[in-house]
Amino acid sequence: MATSHRWNAAAEALLLPVFALAAALLLFGVFVWLGGASPVEAWKLLFLGAFGDAFSWQNTLLRAAPLMLTALAVALPAQAGLTMIGGEGALVLGALGCAGLPYLFAPPANALGSAMVLAAGALLGAGWVALAGWLRQWRGVNETISSLLLGYIAIALFKHFVEGSMRDPASLNKPSTLPLNEGLRIGPIMGDAAMESWLGDVHWGLVIGVVACVVAGAWLSFSASGFAMRVVGGNARTARLVGLPTDRIILLACALGGGAAGLAGGIEVAAVHTAANASVIAGLGYTGILVSFVARHNPWAIPPVAVLFGGFAAAGSLLQRRLDLPDASVLVLQGFAFVFVLAAEALRGRLFAARATAKRPAAPQPAAAAQPQGVA
Amino acid sequence: MSLAMTAVPDLLLAVVGGALRVGTPFLFVSLGECLTEKSGRINLGLEGVLVFSAMSGFGGAYLTGSAWLGVLAAMGCGALLALLHGLLCSLPRVSDIATGIALMLLGAGLAFYLGKPLIQPQAPQIPSLPLGAWSGSPAVQTALSVNALFPIGVALAALMAWGFKNTRWGLVVRMAGDSSDAARALGYSVNGVRIAATTVGGAIAGLGGASLSLYYPGSWNEGLSSGQGLIAVALVIFARWHPWRCLGAALLFGGAGAIGPALQSVGVSGGYYLFNAMPYVLTLLILVATCSPSQALKGAPAELGLSR
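So the sequences go chain by chain: A and B.
With positions in the first sequence counted from 1, the corresponding number in this note's numbering is that position plus 21.
With positions in the second sequence counted from 1, the corresponding number in this note's numbering is that position plus 99.
And the structure:
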C-alpha cells in the first residue's frame, strides 16, 4: 500500500501542474478570443514559436538558461521554508558584478578569467539574497517583502553605476558598461560549428543551468546537509529541537539561491549582451518565481519547466507579429499559469483519494501530509 | 549662499507638495491593505491591483469622458482582482503570500496587455482642490493644489479608525483576524469575512491606482507603478495596523519620494537613481526597526502569518 501511495503522490506531483497549465492555456485562448483573435491560431503559434523549428528551439533554450538559475533562487530558499523572491535583484547585481570585475583588475583572458567574472556576479547575488535571509532571522523582517524591496534597490544601484561611473563613453543611446574582453566571454556550446549546428548560438549557460539544477536536486535528496535544509523547511521548530543550526542553514539556502541568480546575471552579460546595460533587466527573476512554483520547488523539475516557459517567452514575438497581440500576452499567460498552479495545490492529496476511499471506506486518509517535502 | 537661502524653502515646498501628491496612492493602498490584514490575510498582490486599477481607471475615463466614472472603474477592477485573491486563499493549502506574488504578475500582465492602446491618448483628469488659494505665492498654490481624492482618503481613514472600534462590522473583521475560532463560534464564516475584507480592500487600493493615472503623474504607461503598492503593504506594518498612522506613513513616504525630483529641480543632479530608491531603502530600514524576531508585533492581528 505504501508504494502505491508514493506512486500516487508522484503522479499527482506531475499531473497537478499539467492540469493547471492546460487550464491556463485554455483561459488564455478565451482571453485572446474575447479580443477578437483566434484561440486555435494562438495555441498553434505558441507551440510553433517555442518548439516549431531549430530556430525556435534555439530561442527557447537561450531564454530557458537564465530561468533555470533564477528559479533555483526561489526553490532553494523555499526548501528551507522561505518565500524568497529576490531573484531579479540578484540577477541584476550579478550582471553588474560580472561586468564590473575588469574595472578592478584585468582577469586573464581565458576560461579562468571567465570563471572569475562569473564568480564575482554569483557572489554579489549570493550576498544580496543572504541579506534578506539575515534580516529575517535577525529582525523577523518578512523575507518576501524585503527581497522585493531589495530588488528595486538593486535595479537603482545598477542604473546608478551603469549610467554613471561605470559608463562606457562610447555607449551613446544605450548606457552600458565597457564590453567584456573577448577572452572572458562565454561562447556557443558548438563552438566554431555553431552556425551549421541545430543548436546554433545556444551558449554554455544552458549547460551551467542544467548542471546547477541537477546538482542542487541531488544535494537536497542525498546529502545530510540537504536533508537538514528540508527539515528546517518542513518544520523549523523540530529542526531547532533536534539541534540543527537553523539560522546558518537558512542563510546558506539564501546565499546559494542568490548565487544562482547572480550567476544567471553574469552569464547574460558574458554570453549574450557582452556588457551590463538595461537589456539585463528583463524580468527573468520574476519569471523564475513562476518556474519554481510550477516545478513545486523541486530542482530536478526546474529544467523542463524553464524550457516550457522559455518557449512561451520565445513565442511571444510570433504572437505579436502574426496575431497583432500586445507583447504583454506572454505576461498574461504567465499570470494565469501562476494562479492555476496555486489553485491546483488545493487538490493535492485528493486526486486519488476519492478512489482509494471508495475501495476501502473505513480506511484513514492517505498520509500525504506527513511528507516534509511540502513547502507552504 | 543666496542660492541655498532660496533653495531650502523651495525644496521644503516641493517636498510638502510631493507628500500630498505622491502620498495619495500610498494612502489608499495602505488603507486597503490595513483592512485586508485586519481580517487576517496579507494581500501582497495590491501592487498588481494598483497597476491594473490605474490602467482601468485611465481606460474608463478615456472611454466615458468622465474622470469620476474612471475612478469607479478603477475601484471595480481593483475589487475584482482582490476578490480573486480572497477566493484563492480560501482554498485549502493555498498560501496568501504566494497568491499575492501571482496577482502581482497577473495584474501587471493584464494591465500591460489591455492598456497597450491607452499609452498615447489623454484622459480627463481628477480635478484638484486649490487648498493654497489663501497664499499669494504661486509656488505655495502649486504645492497645495491637492488631488480631490485625497480628502476622501483622509475621511476613509477616519471612518475606518472609527468603524474598527465602534461598529459591528469592524468588530467582526477584527475578530476574523485575531481569532478565527471566536468568529466561527459566533457563527460567522471566517472565509466569507476575509473575502469581503480583501475585496473592499482592493476597491480602496483601486482609488490609489486612479490617483496615479488620473491625477499624478496623470497618464498611463507601463512604468507607472514601480513598487508603490508593495511599499504601501510594508507601511501597514510600520503603521501597526492603524488607519490614522497609515495616513501619517503615506505622507512621510510621499515626501521621501518627492526628495529626488525636488533636488533635481533645484539643480542637484548627481545620484538621481539613488535618491529615487530612497523610499525602498527607507521602507526596509523601517521594517528592520519595527519588526522583532522574538515576539509578535504590537497591534498585529494574531492570525496574520507575517513573520513566522
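Glycine included, every Cβ here is placed at the ideal spot set by N, Cα and C.
Among the options, nearest to residue i - alpha-carbon criterion
| i | options | result |
| --- | --- | --- |
| residue 387 (chain B) | A:254, A:154, A:206 | A:154 |
| residue 289 (chain A) | A:118, A:148, A:39, A:129 | A:118 |
| residue 114 (chain A) | A:36, A:321, A:244, A:306 | A:306 |
| residue 125 (chain A) | A:335, A:199, A:222, A:354 | A:199 |
| residue 165 (chain A) | B:372, B:111, B:203 | B:203 |
| residue 382 (chain B) | A:296, A:47, A:162 | A:162 |
| residue 275 (chain B) | B:217, B:212, B:139 | B:139 |
| residue 198 (chain B) | A:128, A:257, A:339, A:359 | A:359 |
| residue 245 (chain B) | B:375, B:119, B:393 | B:119 |
| residue 173 (chain B) | B:394, B:111, B:248 | B:248 |
Within chain A, partners of residue i - CB distance below 7 Å
| i | result |
| --- | --- |
| residue 390 (chain B) | 160, 161, 162 |
| residue 375 (chain B) | 177 |
| residue 198 (chain B) | 363 |
| residue 178 (chain B) | Ordered by position in chain A, no residue passes the 7 Å Cβ test against residue 178 (chain B), which lies about 17 Å from the chain. |
| residue 273 (chain B) | What residue 273 (chain B) touches in chain A: nothing, since even the nearest Cβ is about 21 Å away. |
| residue 207 (chain B) | 352 |
Residues that residue i contacts on chain A, provided the C-beta gap is smaller than 8 Å
| i | result |
| --- | --- |
| residue 185 (chain B) | Going along chain A, no residue has its Cβ under 8 Å from residue 185 (chain B), so there is no contact; the nearest lies around 13 Å. |
| residue 399 (chain B) | Here the premise fails: no neighbours, minimum Cβ distance about 11 Å. |
Own chain, CB closer than 6 Å to residue i, minus 5 neighbours either side, in chain order
| i | result |
| --- | --- |
| residue 193 (chain B) | 187 |
| residue 401 (chain B) | 277 |
| residue 416 (chain B) | Residue 416 (chain B) lies beyond the residue range present for chain B, which begins at 100 and ends at 407; the question has no answer from this structure. |
| residue 112 (chain B) | 238, 242 |
Simplified DSSP state of residue i, which is helix, strand or coil
| i | result |
| --- | --- |
| residue 241 (chain B) | helix |
| residue 295 (chain A) | coil |
| residue 107 (chain B) | helix |
| residue 123 (chain A) | helix |
| residue 256 (chain A) | coil |
| residue 228 (chain B) | strand |
| residue 382 (chain B) | helix |
| residue 104 (chain A) | coil |
| residue 269 (chain A) | helix |
| residue 197 (chain A) | strand |
| residue 192 (chain B) | coil |
| residue 142 (chain B) | coil |
| residue 319 (chain A) | coil |
| residue 246 (chain B) | strand |
| residue 389 (chain A) | In this prediction, residue 389 (chain A) has a pLDDT of 40, which is less than 50 and means its spatial position is unreliable; what the coordinates show is noted afterwards. Three-state result, residue 389 (chain A): helix. |
| residue 181 (chain A) | helix |
| residue 341 (chain B) | coil |
| residue 87 (chain A) | helix |
| residue 209 (chain A) | strand |
| residue 379 (chain A) | Reliability of the predicted coordinates at residue 379 (chain A) is poor, the pLDDT of 49 falling under 50, and no value is obtained from them. |
| residue 371 (chain A) | coil |
Close Cβ partners of residue i (< 8 Å) along its chain, the five nearest in sequence each way excluded
| i | result |
| --- | --- |
| residue 260 (chain A) | 249, 252, 253, 267, 270 |
| residue 151 (chain A) | 272, 275, 276, 279 |
| residue 166 (chain B) | 160, 222, 223, 224, 225, 226, 313 |
| residue 178 (chain B) | 298, 299, 301, 302, 305 |
| residue 250 (chain B) | 228 |
| residue 298 (chain A) | 183, 192, 195, 196, 197, 198 |
| residue 36 (chain A) | 372 |
Beta-carbon neighbours of residue i, restricted to chain B and to distances below 9 Å
| i | result |
| --- | --- |
| residue 347 (chain A) | 211, 212, 213, 214, 215, 216 |
| residue 286 (chain A) | Those do not exist, as residue 286 (chain A) stays about 18 Å from chain B at its closest Cβ, beyond 9 Å. |
Cβ distance (whole Å) where residue i is taken to contact residue j below 8 Å
| i | j | result |
| --- | --- | --- |
| residue 116 (chain B) | residue 303 (chain B) | Not confirmed; about 24 Å, so no contact. |
| residue 317 (chain B) | residue 240 (chain B) | Their Cβ separation, rounded to whole angstroms, is 18 Å, which puts residue 317 (chain B) and residue 240 (chain B) out of contact at 8 Å. |
| residue 292 (chain A) | residue 224 (chain A) | 4 Å |
| residue 81 (chain A) | residue 92 (chain A) | 15 Å between Cβ atoms; not a contact. |
| residue 312 (chain A) | residue 334 (chain A) | Rounded, the Cβ-Cβ distance is 11 Å, inconsistent with contact. |
| residue 323 (chain A) | residue 234 (chain A) | 5 Å |
| residue 41 (chain A) | residue 365 (chain A) | 4 Å |
| residue 329 (chain B) | residue 146 (chain B) | 5 Å |
7 Å Cβ shell around residue i - same chain, five flanking residues per side excluded
| i | result |
| --- | --- |
| residue 348 (chain A) | 337, 341 |
| residue 381 (chain A) | In this predicted model, residue 381 (chain A) has a pLDDT of only 48, less than 50, meaning its place in the structure is not dependable; the value taken from the coordinates is given anyway. Nothing meets the Cβ criterion. |
| residue 343 (chain B) | 256, 260 |
| residue 391 (chain A) | Because the pLDDT of residue 391 (chain A) is 39, which lies under 50, any placement of that residue in the model is unreliable, and the number read from its coordinates should be weighed accordingly. Closer than 7 Å at Cβ, skipping near neighbours: no residue. |
| residue 218 (chain B) | 319, 320 |
| residue 290 (chain B) | 189 |
| residue 231 (chain B) | 239, 240, 242, 243, 244 |
Chain B contact residues for residue i, given Cβ-Cβ distances below 8 Å
| i | result |
| --- | --- |
| residue 167 (chain A) | 383, 386 |
| residue 180 (chain A) | 372 |
Partners in chain A for residue i, counting only beta-carbon separations shorter than 9 Å
| i | result |
| --- | --- |
| residue 161 (chain B) | Correct list: empty, because the minimum Cβ distance to chain A is about 17 Å. |
Closer than 8 Å to chain C by CB, residue i
| i | result |
| --- | --- |
| residue 33 (chain A) | Among the protein chains of the structure shown, namely A and B, there is no chain C. |
Check: residue i C-beta below 7 Å from any heavy atom of the ligand NAD
| i | result |
| --- | --- |
| residue 210 (chain B) | Here there are no bound small molecules, and the ligand NAD is not part of this structure. |
Where residue i meets chain B, residues with beta-carbon distance less than 7 Å
| i | result |
| --- | --- |
| residue 104 (chain A) | 196, 197 |
| residue 174 (chain A) | 376, 379, 380 |
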